[in-house]
Structure formats: structure tokens, C-alpha cells
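> One structure follows; several queries about it will come next.
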Amino acid sequence: IDPDSSTITTEIHRQHDAEFIELLNLIRHGDVSMQILQPINDRIANPFYAHSKNQGVTLTTTNRVADTINQTELLKLSDPEYEFEANITGEFPEERNTIIPRSLLLRKGARVMILKNTGKFNNGDMGIVTKLDKKNILVKLDSTSEEFVVLREKWENIRYGIDPDSSTITTEIIGILEQFPLRLAWAITIHKSQGMTFDRINIDYARSPFVGGQTYVAISRCRTLGGLTITKELYPNDIFVDDRIVDYMNSLQSETL
């Protein structure tokens, strides 16, 4: 990392509650105790119904747990199931965009997450499928109660290169994926939630423990402490902070003083 090109973010903008922001900063730096974590531990819920209790998305540490929760909840719905396959042209390997489902299974009443910004909704918005058939999907947003028809969207796989004559960056579209910008959203992994913000979340690590760096990422996805539930008591040793990163950040901050 080049220190001269590094930018230090010193403020949290996702949340506005001062006490919650202070708690997040302590977790981010690994400066925690059981007393500090008590406000979070006061929000424990049973892992087997937490995702239904407050209608929030459940964040898990593994795809396996997220898929299990989503399929279990989908099968509880009695309406017919529809499958929507992605249309792919050119090169678009699955690892290029892992959050877009190649095969999307939906039923009326399914909880879904929007996966792309458009004029009507934003990436990370949550809603419920209110009507669907083989070609159309109608979703009602949690935030506004507005219903709208979801259309297929495009994602591009771009290959970058260097023009040998001008030394400029070149781009070439080598693949396109078309799919409805939705995925089942009773649960997603913490990794896939990065960059998203939710009003209500349930953090499920009773069935699979945290790994390094996930604690802060998971908790900070929620706008407020009141919108958060967890499935197991959190301990200071669940907060993983790489000392090398802390030392590096401290050195950058010292240089800016």
C-alpha cells in the first residue's frame, strides 16, 4: 500500500446514533470488553426464528447456512414456484459476480433483495414478491410499500488492458449477464452484505462462528442498534483485529497530524 495515495476514513456515515457509532468504533479497533458488548448481547434471539421475528435479513458466515435458511423459508410458501434462468452471452464466469443468481427460484410471498440501482429502487432494498408468473415479477418495497414490476437488468464482464502505443487503459465487453435483479433475502452471507445497509438485521453465528474481520462488518450493516438481533452471546475474542492493520492506520494518522 502506498501511504501517499491512502485515504483515511475517520467518520461513520451509515449510522447516526452517537452511542451506536461509538460502539462500532470500539469494535473496529478491537477495544472491547463484555461490558462494552452488553448492549449487543441484550439483543439475543433464537437462531431458528430470529429471521422471522423482526423481518430483517439474516447475515451468516457461510453460503451453506444462508442457502438453508432461504430454501427452508421458501418451501413454507404454498403458492407455485417459478424458476428464472439468467441469459448469458460471451464470457461471464460465476466468480465474476457471485451475488447474481444464475437460477432464481421464487414464490409469491418470498422475501427478496434488490441487487441493482435503478430509477425505482436501490441496491440492498428489501421487499416481498406480491405477484409473479413465468415472465413477470411484482415486488412491494418494505421502505415505501410501493409495488412495481421488476425487469431484467444487464451486468457486463469487462476486460481491461493497456494500449501499447498510447499506454492508456482499454476496455472490452467480453460477456453480458441478464437476470432479474433479485435474490432470496431471508438470509445472505456477511461477505455479500458488504457495502449494503439495512434497517433490520439478524446476525446468525450460533451455527457457524465468525472469522477474522466479520464481526464489525456484520454489525455495521445495520442503521441502528434497535434494528439488530444476534443468535449467540458475543465475546471479546470474537472481535478479530489484525495488529498490522492497526499499526499501519496509526502510522497514517500520525503522519496527518
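At position 167 of the sequence shown (counting the first as 1) the number is 186 in this note's numbering, and the numbers step up by one without a gap.
We treat Cβ as the ideally placed atom computed from N, Cα and C, and that holds for glycine.
From a predicted model like this one, the values you see are computed outputs, not experimental measurements.
(1) Residue 103: which of 138, 236, 154 sits nearest, CA to CA?
(2) For the segment 195-207 and the segment 116-128, state whether three or more C-beta atom pairs, one from each stretch, are separated by less than 8 Å.
(3) If you measure from the CB of residue 222, is any heavy atom of the ligand ADP nearer than 6 Å?
(4) Please classify residue 83: is it buried, with 16 or more other beta-carbons within 10 angstroms of its beta-carbon, or exposed?
(5) According to the Cβ coordinates, are residue 149 and residue 139 closer than 7 Å?
(6) Are the beta-carbon atoms belonging to residue 193 and residue 114 less than 7 Å from one another?
(7) So the candidates are 232, 62, 37; which of them puts its Cα closest to the Cα of residue 247?
(8) Report back the beta-carbon spacing between residue 78 and residue 253 to the nearest angstrom; my notes put them in contact at under 8 Å.
(9) Classify residue 212 as helix, strand or coil using the three-state DSSP reduction.
(10) For residue 320, count neighbouring Cβ atoms within 10 angstroms of its own Cβ and tell me buried if that reaches 16, exposed if not.
(11) Could you please give the first and the last residue of the uninterrupted alpha helix (DSSP H) stretch that includes residue 83?
(12) Looking only at C-alpha atoms, which of 236, 190, 60, 173 sits nearest to residue 119?
(13) Measuring straight from C-alpha to C-alpha, what distance separates residue 241 and residue 257?
(14) I'd like to check one pair, residue 190 with residue 179: are the Cβ atoms closer than 7 Å?
(15) Just to confirm my understanding: we take residue 152, look at its own chain, exclude 5 residues before and 5 after, and list those with CB closer than 8 Å. What are they?
(16) By DSSP's criteria, residue 251 is part of a beta bridge. Which residues make up the other side?
(17) If we ignore side chains and look at the alpha-carbon of each, how far apart do residue 76 and residue 168 end up?
(18) Count the other C-beta atoms from every protein chain shown that fall within 10 angstroms of the C-beta of residue 94, then say buried if there are 16 or more, exposed otherwise.
(19) Using DSSP with H/G/I as helix, E/B as strand and the rest coil, what is residue 40?
(20) Quick one: is residue 259 buried, meaning 16 or more other Cβ sit within 10 Å of its Cβ, or exposed?
(21) Quick check on residue 141: does DSSP put it in helix, strand or coil?
(22) Output needed for residue 58: all residues of its chain with C-beta closer than 7 Å, excluding positions within five of it in sequence on either side, in chain order.
(23) If you check the beta carbons only, do residue 161 and residue 146 fall under 7 Å apart?
(24) Please classify residue 215 as buried or exposed, where buried requires at least 16 neighbouring CB atoms within 10 angstroms.
(25) Going by other Cβ atoms of all chains shown within 10 Å of its Cβ, with 16 needed for buried, is residue 213 buried or exposed?
(26) Measuring straight from C-alpha to C-alpha, what distance separates residue 185 and residue 195?
Looking at the coordinates:
(1) Taking the sequence shown and counting its residues from 1, one reaches residue 103 at position 84. For residue 103, the nearest C-alpha among the options comes from 154.
(2) yes
(3) Summarising the ligand content, the structure contains no ligands, and the ligand ADP is consequently not present.
(4) As a working note, residue 83 is residue 64 in the sequence shown. So residue 83 counts as exposed.
(5) For the purposes of this step, residue 149 is identified with residue 130 of the sequence shown, where counting begins at 1. For the purposes of this step, residue 139 is identified with residue 120 of the sequence shown, where counting begins at 1. No, the pair does not count as a contact, with Cβ atoms beyond the cut-off.
(6) Taking the sequence shown and counting its residues from 1, one reaches residue 193 at position 174. Taking the sequence shown and counting its residues from 1, one reaches residue 114 at position 95. No, the pair does not count as a contact, with Cβ atoms beyond the cut-off.
(7) What you label residue 247 is simply residue 228 of the sequence shown in a count that begins at 1. The residue with the shortest Cα to Cα distance from residue 247 is 62.
(8) Along the sequence shown, read from residue 1 onward, the residue named residue 78 stands at position 59. Along the sequence shown, read from residue 1 onward, the residue named residue 253 stands at position 234. Not confirmed; about 13 Å, so no contact.
(9) Along the sequence shown, one-based indexing puts residue 212 at 193. In the structure shown, residue 212 sits in a helix (DSSP, three-state: H, G or I).
(10) The structure shown does not extend to residue 320, since the chain spans only 20 to 276, so no value can be given for it.
(11) Numbered from 1 along the sequence shown, position 64 holds the residue referred to as residue 83. Looking at the DSSP string, the run of the alpha helix (DSSP H) that includes residue 83 is 82-94.
(12) Here the question's residue 119 lines up with position 100 in the sequence shown. The option with the nearest alpha carbon to residue 119 is 173.
(13) Within the sequence shown, numbered from 1, the residue matching residue 241 stands at position 222. Within the sequence shown, numbered from 1, the residue matching residue 257 stands at position 238. The straight-line gap from Cα to Cα measures roughly 18 Å.
(14) For the purposes of this step, residue 179 is identified with residue 160 of the sequence shown, where counting begins at 1. For the purposes of this step, residue 190 is identified with residue 171 of the sequence shown, where counting begins at 1. Going by C-beta atoms, residue 179 is nearer than 7 Å to residue 190.
(15) As a working note, residue 152 is residue 133 in the sequence shown. Excluding sequence neighbours, residue 152 sits near 101.
(16) Along the sequence shown, read from residue 1 onward, the residue named residue 251 stands at position 232. Residue 251 is not bridged to any residue.
(17) Reading the sequence shown from its first residue, position 57 is the one you call residue 76. Reading the sequence shown from its first residue, position 149 is the one you call residue 168. Answer to the nearest angstrom: the Cα atoms are 22 Å apart.
(18) Counting from one through the sequence shown, the residue named residue 94 turns up at place 75. Exposed.
(19) Counting from one through the sequence shown, the residue named residue 40 turns up at place 21. Three-state result, residue 40: helix.
(20) Position 240 of the sequence shown, counting from 1, holds the residue named residue 259. Result: exposed.
(21) As a working mapping, residue 141 is identified with position 122 in the sequence shown. Three-state result, residue 141: coil.
(22) Residue 58 sits at position 39 when you count from the first residue of the sequence shown. Excluding residues within five positions, the ones whose Cβ falls inside 7 Å are 42, 244.
(23) Numbered from 1 along the sequence shown, position 142 holds the residue referred to as residue 161. Numbered from 1 along the sequence shown, position 127 holds the residue referred to as residue 146. Yes, the Cβ-Cβ distance between residue 161 and residue 146 is below 7 Å.
(24) Taking the first residue of the sequence shown as 1, we reach residue 215 at position 196. It is buried - the Cβ of residue 215 has at least 16 other Cβ atoms within 10 Å.
(25) For the purposes of this step, residue 213 is taken as residue 194 along the sequence shown, with counting starting at 1. Classification of residue 213: exposed, given that the 10 Å Cβ count is below 16.
(26) For the purposes of this step, residue 185 is identified with residue 166 of the sequence shown, where counting begins at 1. For the purposes of this step, residue 195 is identified with residue 176 of the sequence shown, where counting begins at 1. Each residue's Cα considered, the two are about 28 Å apart.
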